[in-house]
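Beneath this line is the structure, given in structure tokens, with notes to follow.
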Amino acid sequence: MDEPQNETPNQLSANTPKVTGIGGIFFFSDKPKETREWYAHNLGLEVNDWGSTFESRSVDKPEQVNSLQWSPFQTGSDYFAPSTKGFMINYRVQNIEGLVAQLKANGVTVLDDIASYDYGKFVHILDADGNKVELWEPAG
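Sequential numbering of the sequence shown, starting at 18, is according to my numbering.
Here it is in structure tokens:
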């Protein structure tokens, strides 16, 4: 008889293809520079040319620092295409390859191949409402 497994549910799900958090909120602005400045002046956001980065810690892994990127994009930017919506959400995921395989099996429109960078892997999909969604598996 096999020994019982002593793994916790979190260990069992460490490689489960799924969303683990929100990685970014992106939206159209007619004047992205002025919008960033308004948020900095009025709401105290620390901004740069890309927007603002918020850091948080994982409840299950307090040593892990997560980030959320807030960014206004120039209205009409093709970065959100083919969606015609004025926003896009980036979801932080684990096992992006497994997730993409699941999504394809479910008939979800996957817009591109997984792209790898020093800071992680990315892929874009369309949700049921035609919103472009960015999936990001952070590096490391």
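All C-beta atoms in this analysis are idealised placements derived from N, C-alpha and C, irrespective of residue type, glycine included.
Could you give the DSSP three-state label for residue i: helix, strand or coil?
i: ALA57; result: helix
i: LEU35; result: Checking the sequence shown, residue 35 turns out to be Lys, not Leu. It is a strand residue.
i: ILE131; result: coil
i: GLU154; result: strand
i: TYR136; result: coil
i: ASP146; result: coil
i: GLU20; result: With a pLDDT of 45 at GLU20, under the threshold of 50, the modelled position of that residue is not reliable, and no figure is offered here.
i: GLN101; result: Reading off the sequence shown, one finds Thr at residue 101, where the question assumed Gln. DSSP places THR101 in coil when its eight states are reduced to three.
Only counting the same chain, and skipping five residues up and downstream in sequence, which positions put a Cβ closer than 8 Å to that of residue i?
i: ASP135; result: ALA156
i: THR101; result: GLY147
Check whether the Cβ atoms of residue i and residue j sit closer than 8 Å, and answer yes or no.
i: GLU72; j: ASN83; result: yes
i: LEU116; j: PRO49; result: no
i: VAL127; j: ILE142; result: yes
Give every residue of the same chain whose Cβ lies closer than 7 Å to the Cβ of residue i, excluding the five residues on either side of it in the sequence, and list them in chain order.
i: SER133; result: none
For residue i, which residues from the same chain have a beta carbon less than 6 Å from its beta carbon, with the 5 sequence-adjacent residues on both sides left out?
i: ALA57; result: VAL64
i: PHE104; result: PHE44
Which residue from the options puts its Cα closest to that of residue i?
i: ASP95; options: SER30, TRP153, VAL36, PHE44; result: PHE44
i: LYS138; options: ASP130, ALA145, ASP144; result: ASP130
Is it the case that the region 89–101 contacts the region 109–116, given that we only count it when at least three CB pairs across the two stretches are under 8 Å?
no
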